[in-house]
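Read left to right, the sequence shown gives residues 5 to 79 (the numbering used here). One structure below.
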Amino acid sequence: MPPRELDVRGFYCPLPILRTRALLDTMADGEEVIVYATDPASTIDFRHFCNTTSNELIAHEKREDVFVYHIRRRV
């Protein structure tokens with residue numbers, strides 16, 4: 005199954021995390037989501053979110069002004 009995509013560009017803390025959590029809660033274990041964000045604080049927020057939940061931050065990168073996070077759902 006291809007990864008889902010979530011666009012939270014233009015939103016600021018805590019909305020990118022809240023929307024990501026809401027989507028992950030609907031996903032099965034092992035599914036992946038790619039999140040697109042523009043909030044500079046999201047680099048800290050997504051690391052912390054994945055470190056304090058069972059979800060796995062597979063990769064992250066910056067493409068111009070967009071931060072891209074690859075997250076795997078873990079139960």
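Glycine included, each C-beta is placed from N, C-alpha and C at the ideal position.
What residues match up with Ala63 in a beta bridge as DSSP calls it? His74
DSSP-derived helix/strand/coil call for Arg13: coil
Indicate whether Leu22 and Arg8 have their beta-carbon atoms separated by less than 8 Å. no
By alpha-carbon positions, which one of His74, Thr57, Tyr16 ends up nearest to Glu65? His74
Selected residue, minimal CA-CA separation from Ser58, among Arg25, Val79, Glu36, Thr30: The candidate whose alpha carbon is nearest that of Ser58 is Val79.
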